[in-house]
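**Student:** In our numbering, the protein residues as written are 117 to 722.
All C-beta atoms in this analysis are idealised placements derived from N, C-alpha and C, irrespective of residue type, glycine included.
All values derive from a computational prediction rather than experimental measurement.
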């Protein structure tokens, strides 16, 4: 593996690439904590300790994993990462009230958000209470008719149905004014949420690691993970009260597939506890025992073991689709389904709605891109878009697409007939959009709003857009200096001969990949393209046969080639010049065989 190691002092650019075919620089990924010499020594120690290539040892060291902790990183278990759930502020109060309700056989209701995290968090608590002998009520609000978070009419309805404990998951932190409207003294309210707010509700308990007085250090957990933490606390408390003397304890590990799905789809950092939750949750999901997820995997054409990609790009969008433009509770119904035929019906319905969502999204995206381009050209730090014809359930996705294209925090809103704009925003790494929206609310420019660093929801009066835009431009001014095209951070260089199946397998040991643990980008040097053709349903995937200097071949793929500026260079049969390719080396499973494939991100002629 000597040809694959680059553990000496490295220049800032990789192979002296200052501008690729997509216009990017290729730079060596740097450690935030280690100088080059220390990084090299750490990489060697890690490689020797766990019998990996130094190529892989360096990747682990770049993730600031110490040699003594490398086994916990490669084999993340809940035993090593799971904290005491009572470290969360108000968890003791919430648990006591819920446990008393369980023992007294009170009616418990769960009010959840209409996205994947909300559906999963609701399903986790629903499954828990069901296994304890209760029949909980559930409620998912209609995005268009009711909006985000609890509303008085829905809460009063749950009280009328007998609920004495109402648990709000993935929402509720910013709903103090709603809880104050409820006149009844017959119900206690509990919140399990992770969104930021400037005004905590005056209710029984608010469990939120992002509240200012919570010292748990668990601010990177989503609502699904918080519901799981609550489940652990509830079972422990019931055990102390001898609740299970004549009953079997629920198997909480069976809920980890829902925790993994919510963590991935809410784009939480896949480090520490989240890494352990997702790693173990994907193992549970691979068993395909939850019939709703099994049905959706089949509809999405996922027949291999589920991973972060299949959850984030196949399952998540379909579950979200119901809440965006149709029946908001379809995702929850799928996750808690007990009948396989019913699960298949719901999965097919969600798949059809998702296709409808894609069509609406494309219609909005073209105009949104034009408006965003004009704002970006003027140097705005924040891109802010609104239109009376846009669908309120799609604007969040559009904001995400614009953010990816221009590398700027982006807010997109739909103008309602009453003059209010409701929308969603997406941010870039290092720019806290949730804090900015809260600050704008405190300044009187936003009617309602909140969120976390990477995403936020909001509403404002449409005639305040210029004032709000100016405020956000100033508050998030550092975003204006971010490059439109993000430099590629390369973690290693190898040849096609070195891009073996074993190397691909060792890279895969660093998974799950995602936010906070990005998949390592590597460069294949001195490559020749010997064949190219289009594959896939819409011929949008470019498949290449690439060859190294010693004649070794490897299959390479470029997805969404119809939208990629480097595609013409890769397809040009009359200009077969040698190239360097940047991308990801992955293990491909097909017909019982394993091969190494290269997934292209960028390219440059030599």
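Going straight from the alpha carbon of residue 648 to that of residue 658, what length do you get?
**Tutor:** Rounded to the nearest angstrom, the two C-alpha atoms are 7 Å apart.
**Student:** Measuring straight from C-alpha to C-alpha, what distance separates residue 224 and residue 390?
**Tutor:** Roughly 28 Å separates the two Cα atoms.
**Student:** So, with DSSP's three-state summary, where would you put residue 592?
**Tutor:** Residue state, collapsed to three classes: coil.
**Student:** Nearest CA to the CA of residue 403: which residue from 500, 560, 379, 372?
**Tutor:** The shortest C-alpha separation from residue 403 is found at 372.
**Student:** Can you list, in chain order, the residues of its chain whose CB lies under 6 Å from that of residue 384, leaving out five sequence neighbours each side?
**Tutor:** If we look at residue 384 and ignore the five residues flanking it on each side, its Cβ neighbours are 336, 338, 390.
**Student:** List the endpoints of the continuous alpha helix (DSSP H) containing residue 284.
**Tutor:** Unbroken run through residue 284 is the beta strand (DSSP E), 279 to 285; no alpha helix (DSSP H).
**Student:** Is the CB-CB distance between residue 430 and residue 453 below 7 Å?
**Tutor:** Contact flag unset, no.
**Student:** What separation, rounded to the nearest whole angstrom, lies between the Cα atoms of residue 211 and residue 494?
**Tutor:** In a straight line, the C-alpha of residue 211 is about 52 Å away from that of residue 494.
**Student:** In three-state terms, what does DSSP make of residue 384?
**Tutor:** Residue 384 falls in the coil class under three-state DSSP.
**Student:** According to the neighbour-count rule (16 or more other Cβ atoms, all chains shown, within 10 Å of its Cβ), is residue 307 buried or exposed?
**Tutor:** Under this definition residue 307 is a buried residue.
**Student:** Rounded to the nearest angstrom, what separates residue 394 and residue 368 at their Cα positions?
**Tutor:** C-alpha separation (whole angstroms): 14 Å.
**Student:** Under a three-way DSSP split, which group does residue 310 fall into?
**Tutor:** Residue 310: coil per DSSP, three-state reduction.
**Student:** As an exercise, report each continuous beta strand (DSSP E) stretch of at least 3 residues that is fully enclosed by the stretch 190 to 232, in chain order.
**Tutor:** The stretch 190 to 232 contains these whole beta strand (DSSP E) runs: 223 to 228.
**Student:** According to DSSP, is residue 625 part of a helix, a strand, or is it coil?
**Tutor:** If DSSP states are grouped into helix, strand and coil, residue 625 belongs with coil.
**Student:** Pick out the complete alpha helix (DSSP H) segments inside the stretch 328 to 400, 4 residues or longer, and give them in chain order.
**Tutor:** Taking only runs of at least 4 residues, the alpha helix (DSSP H) segments lying wholly in the stretch 328 to 400 are 339 to 356, 372 to 381.
**Student:** Cβ of residue 618 within 6 Å of any heavy atom in the ligand HEM?
**Tutor:** In terms of ligand content, the structure shown is empty, and the ligand HEM therefore cannot be addressed.
**Student:** Just checking, does the stretch 556 to 573 make contact with the stretch 527 to 544 on the three C-beta pairs under 8 Å criterion?
**Tutor:** Yes, the stretch 556 to 573 touches the stretch 527 to 544.
**Student:** Return the CA-CA distance between residue 661 and residue 601, expressed in angstroms with no decimal places.
**Tutor:** Looking at the two C-alpha atoms, the distance is approximately 28 Å.
**Student:** Using only alpha-carbon positions, find the residue among 523, 162, 589 that is nearest to residue 555.
**Tutor:** Per the Cα distances, 589.
**Student:** If you draw a straight line from the alpha carbon of residue 679 to that of residue 138, how long is it in whole angstroms?
**Tutor:** Roughly 12 Å between the two C-alpha positions.
**Student:** Say whether chain B places a C-beta atom closer than 7 Å to the C-beta of residue 464.
**Tutor:** The structure shown has no chain B; it contains just one protein chain.
**Student:** Here's the rule: buried if 16 or more other CB atoms are within 10 angstroms of the residue's CB, otherwise exposed. What is residue 651?
**Tutor:** With fewer than 16 Cβ atoms within 10 Å of its Cβ, residue 651 is classed as exposed.
**Student:** Within the continuous alpha helix (DSSP H) that includes residue 641, where are the two ends?
**Tutor:** No alpha helix (DSSP H) holds residue 641; the beta strand (DSSP E) holding it covers 637 to 651.
**Student:** Please list the terminal residues of the continuous alpha helix (DSSP H) segment that includes residue 703.
**Tutor:** From DSSP, residue 703 is part of no alpha helix (DSSP H) but of the beta strand (DSSP E) over 695 to 706.
**Student:** Since I believe residue 279 is in contact with residue 451 (beta carbons under 8 Å), could you give me their beta-carbon distance rounded to a whole number of angstroms?
**Tutor:** The Cβ separation is near 21 Å, so there is no contact.
**Student:** Let me know the secondary structure DSSP gives residue 449 once reduced to three states.
**Tutor:** Reduced to three states, the DSSP call for residue 449 is helix.
**Student:** Can you tell me which of the three DSSP states residue 690 falls into?
**Tutor:** Reduced to three states, the DSSP call for residue 690 is coil.
**Student:** What three-state label does DSSP hand residue 564 in the structure shown?
**Tutor:** Three-state DSSP puts residue 564 in a strand.
**Student:** Comparing alpha-carbon positions, which option in 253, 492, 636 lies nearest residue 284?
**Tutor:** The shortest C-alpha separation from residue 284 is found at 253.
**Student:** In the DSSP assignment, find the alpha helix (DSSP H) that holds residue 175 and state where it starts and stops.
**Tutor:** Its alpha helix (DSSP H) spans residues 170 to 178.
**Student:** Measuring CB to CB, does residue 341 end up less than 7 Å from residue 379?
**Tutor:** Against a cut-off of 7 Å, the Cβ pair of residue 379 and residue 341 comes out as a contact.
**Student:** Who does residue 575 pair with in a DSSP beta bridge?
**Tutor:** BP columns for residue 575 point to 538, 564.
**Student:** Compare the C-alpha of residue 583 against each of 595, 562, 596, 594 and name the closest.
**Tutor:** Among 595, 562, 596, 594, the Cα nearest to that of residue 583 belongs to 562.
**Student:** Identify which residue in 295, 276, 243 has its Cα closest to the Cα of residue 267.
**Tutor:** Residue 295 is the option with its Cα nearest to residue 267.
**Student:** Does DSSP put residue 123 in a helix, in a strand, or in coil?
**Tutor:** Since pLDDT at residue 123 reaches only 40, below the 50 mark, its modelled position is unreliable, and the value read off the structure follows with that caveat. Residue state, collapsed to three classes: coil.
**Student:** With distance defined between alpha-carbon atoms, name the residue in 669, 546, 596 nearest to residue 617.
**Tutor:** Closest option to residue 617, Cα to Cα, is 669.
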